[in-house]
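Number of protein chains: 2
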Amino acid sequence: MEKKDTRSTIIKIGTDLISRQGFNATGIDAILKEAGIPKGSFYHYFRSKEEFGLAVIDRFAERFEQRLTTFLNDGGETPLNRIRHFLEDSLARVTQNQCTRGCLIGNLGQEMADLNERFRERLESIFQIWRERFAACLHEAQQRGELPGSIDPNVAAGFILSGWEGAILRSKVMKSPGPMRDFIEVLFATTLQ
Amino acid sequence: MEKKDTRSTIIKIGTDLISRQGFNATGIDAILKEAGIPKGSFYHYFRSKEEFGLAVIDRFAERFEQRLTTFLNDGGETPLNRIRHFLEDSLARVTQNQCTRGCLIGNLGQEMADLNERFRERLESIFQIWRERFAACLHEAQQRGELPGSIDPNVAAGFILSGWEGAILRSKVMKSPGPMRDFIEVLFATTLQ
């Protein structure tokens, strides 16, 4: 394998393990073992476990960004329907994973925000980007008359993001997609009405 | 110290450490050291680290239940104002802690739901109790005409709980009470309008 491919494999396997058990509980040796890469070669690819963790976050954020673009820039749908379809797609993914894992960014925020400032800053900026994406969609909904102008798109976008992260957490704890489904239902019946 | 007092001290210090760094990263030795209790005496008080963790959860839930009763059973306030005052009191507490720690039940749900079934069940039942307390309050709000009858109190209570857990998480990541404040504002301006 090329160096770049090996690095990418380590990140991929690391993402999976960190999603399941958290960052601190994920040992470098376990990742290398699952990747079939010789023990001790980790520092050939990453300067530290912290750098590796940040690379995992960046890869996740990039892929998530692509998903957001697919849904929220879908010109064939009204802005509110784009948000709804995105949330429903996430619900389907979580259901397929038997409500395990949760959201990697939410998980790491919970685990790492008080422990590592570099992680916290990176996670904050990702939440910020997500919020801006939702806010832009809500703003467009107002311009088209799909949503009343009385609501501040930035504040409402933060509200959606908070509710969605909490719903994913509750679905993980209950091992049921119910909280995520309820969130979508109430959101569109009240806040985005 | 009496045996009961010592056990209670270990739980109190454990709660603080687990709130700050999670369950798996909190070593028994560190708790005993901070409590000034001889190393090795832990198993005199708890059968296992798991039993200790469950005792920490139970103590937190008991105290939280008292807070919920103080606010949600306050007959001098309308049902919706009781919920608002409870959320504002939580916001003030999180602000006082510089937005560290987050919610112990949410944190442990994130960390432990996929790793330990006994923890998961305990956390699920606590979320369930909280949801029922909010639902009872919303039901009373409907009976008094403070809230339209069109919304299902159980579904709306789950929505509030999800949103609140997510807002606490986002406040922890942003080190700002903003997400919690925004959540209260949007909740009462839209969902509970």
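Chains as they are written, first to last, in this note's numbering: chain A, 1 to 193; chain B, 1001 to 1193. Here a beta-carbon is modelled for each residue, glycine too, at the ideal position from N, C-alpha and C.
Local conformation of A:D114 per DSSP, three classes: In the first sequence, the residue the question calls residue 114 of chain A occupies position 114. DSSP, read as helix, strand or coil, puts A:D114 in coil.
Rounded distance between the beta-carbons of A:L123 and A:S19, thought under 8 Å: Indexing the first sequence from 1 puts residue 19 of chain A at position 19. Indexing the first sequence from 1 puts residue 123 of chain A at position 123. So it is not a contact: roughly 14 Å between Cβ atoms.
Selection from B:V1173, B:G1014, B:C1137 and B:N1097 that minimises the alpha carbon distance to B:E1077: In the second sequence, counting from the first residue as 1, residue 1077 of chain B sits at position 77. Ranking B:V1173, B:G1014, B:C1137 and B:N1097 by Cα distance to B:E1077 puts B:C1137 first.
Nearest residue (CA-CA) to A:K172, options B:F1119, B:H1139, B:E1132 and B:Q1193: Residue 172 of chain A sits at position 172 when you count from the first residue of the first sequence. Residue B:F1119 is the option with its Cα nearest to A:K172.
6 Å CB neighbourhood of A:F86 in its chain, flanking five on each side removed: Numbered from its first residue, the first sequence carries residue 86 of chain A at position 86. Closer than 6 Å at the Cβ level, and outside the excluded window around A:F86, lie F71.
Limits of the alpha helix (DSSP H) - the one that B:T1005 falls within: As a working note, residue 1005 of chain B is residue 5 in the second sequence. According to the sequence shown, residue 1005 of chain B is Asp rather than Thr. K1003 to Q1021 is the span of the alpha helix (DSSP H), which, as asked, contains B:D1005.
A:I151 beta carbon less than 8 Å from that of A:L187: Position 187 of the first sequence holds residue 187 of chain A. Position 151 of the first sequence holds residue 151 of chain A. Cβ atoms of A:L187 and A:I151: not closer than 8 Å.
With 16 other Cβ atoms within 10 Å as the buried cut-off, status of A:S162: Numbered from its first residue, the first sequence carries residue 162 of chain A at position 162. Per the 10 Å Cβ criterion, buried.
Straight-line gap, A:K12 to A:L108 (C-alpha atoms, nearest Å): Residue numbering aside, residue 12 of chain A sits at position 12 when the first sequence is read from its first letter. Residue numbering aside, residue 108 of chain A sits at position 108 when the first sequence is read from its first letter. A:K12 and A:L108: Cα-Cα distance of roughly 16 Å.
Nearest candidate by alpha-carbon position, reference B:G1102, set A:G102, A:R101 and A:G106: Looking up residue 1102 of chain B in the second sequence gives position 102. Nearest in C-alpha terms to B:G1102, of all of A:G102, A:R101 and A:G106, is A:G106.
C-beta neighbour in chain B for A:N116, strict 8 Å: What you label residue 116 of chain A is simply residue 116 of the first sequence in a count that begins at 1. Cβ-Cβ to chain B under 8 Å: no for A:N116.
Run of the alpha helix (DSSP H) containing B:Q1096, from where it starts to where it stops: Within the second sequence, residue 1096 of chain B is the residue found at index 96, counting from 1. Element bounds for B:Q1096: P1079 to Q1096.
Closest residue to A:K4 among A:G27, A:M180, A:L68 and A:F42 (Cα-Cα distance): Taking the first residue of the first sequence as 1, we reach residue 4 of chain A at position 4. Proximity to A:K4 across A:G27, A:M180, A:L68 and A:F42 peaks at A:F42, based on C-alpha coordinates.
Through-space distance from A:E65 to B:A1035, alpha-carbon basis: For the purposes of this step, residue 1035 of chain B is taken as the residue at position 35 of the second sequence. For the purposes of this step, residue 65 of chain A is taken as the residue at position 65 of the first sequence. Spanning the two alpha carbons is a distance of roughly 46 Å.
Cutoff 8 Å; reference B:P1038; Cβ partners in own chain excluding five residues on either side: Within the second sequence, residue 1038 of chain B is the residue found at index 38, counting from 1. Taken in chain order, the residues that qualify are L1032.
Closer than 7 Å: B:S1090 CB and nearest the ligand MG heavy atom: Among the components of this structure there are no ligands whatsoever, and the ligand MG is therefore not found.
Residue-chain proximity (B:S1090, chain A), Cβ-Cβ < 8 Å: As a first step, residue 1090 of chain B is located in the second sequence; it is residue number 90 there, counting from the start. It does not: the Cβ of B:S1090 has no partner Cβ on chain A nearer than 8 Å.
Own chain partners of B:Q1021 with C-beta closer than 6 Å, once the 5 adjacent residues on each side are dropped: On the second sequence, position 21 is the one that residue 1021 of chain B refers to. Result list for B:Q1021: empty, nothing under 6 Å.
Pair within 8 Å by beta-carbon distance, B:T1015 and B:Y1045: Position 15 of the second sequence, counting from 1, holds the residue named residue 1015 of chain B. Position 45 of the second sequence, counting from 1, holds the residue named residue 1045 of chain B. Contact flag unset, no.
Reference B:Q1110, options B:I1168, B:F1183, B:F1134 and B:S1008, closest by Cα: In the second sequence, the residue the question calls residue 1110 of chain B occupies position 110. Among B:I1168, B:F1183, B:F1134 and B:S1008, the Cα nearest to that of B:Q1110 belongs to B:I1168.
Three-state secondary structure assigned by DSSP to B:T1191: The count along the second sequence starts at 1 and reaches residue 1191 of chain B at position 191. It is helical.
Rounded Cβ spacing between B:E1185 and A:V56 (contact assumed at less than 8 Å): Here residue 1185 of chain B refers to the residue found at position 185 when the second sequence is read from its first residue. Here residue 56 of chain A refers to the residue found at position 56 when the first sequence is read from its first residue. Their Cβ separation, rounded to whole angstroms, is 34 Å, which puts B:E1185 and A:V56 out of contact at 8 Å.
Any C-beta of chain B under 8 Å from that of A:G145: Residue numbering aside, residue 145 of chain A sits at position 145 when the first sequence is read from its first letter. So, not an interface residue.
Span separating the alpha-carbon of A:T26 from that of A:D58: Here the question's residue 26 of chain A lines up with position 26 in the first sequence. Here the question's residue 58 of chain A lines up with position 58 in the first sequence. Looking at the two C-alpha atoms, the distance is approximately 18 Å.
Cutoff 8 Å: A:V56 Cβ touching any chain B Cβ: Working through the first sequence from its first residue, we reach residue 56 of chain A at position 56. With respect to chain B, the C-beta atom of A:V56 has no partner C-beta closer than 8 Å.
Buried versus exposed, by CB contacts within 10 Å (16 or more), B:D1089: Taking the second sequence and counting its residues from 1, one reaches residue 1089 of chain B at position 89. Under this definition B:D1089 is an exposed residue.
C-alpha distance - B:A1141 paired with B:P1079, whole-angstrom precision: Start at 1 with the first residue of the second sequence, and residue 1141 of chain B comes out as number 141. Start at 1 with the first residue of the second sequence, and residue 1079 of chain B comes out as number 79. Distance from the CA atom of B:A1141 to the CA atom of B:P1079, rounded to whole angstroms, is 5 Å.
Minimum Cβ-Cβ distance from A:P179 to chain B less than 8 Å: One-based indexing of the first sequence puts residue 179 of chain A at position 179. Yes - at least one Cβ of chain B is within 8 Å of the one on A:P179.
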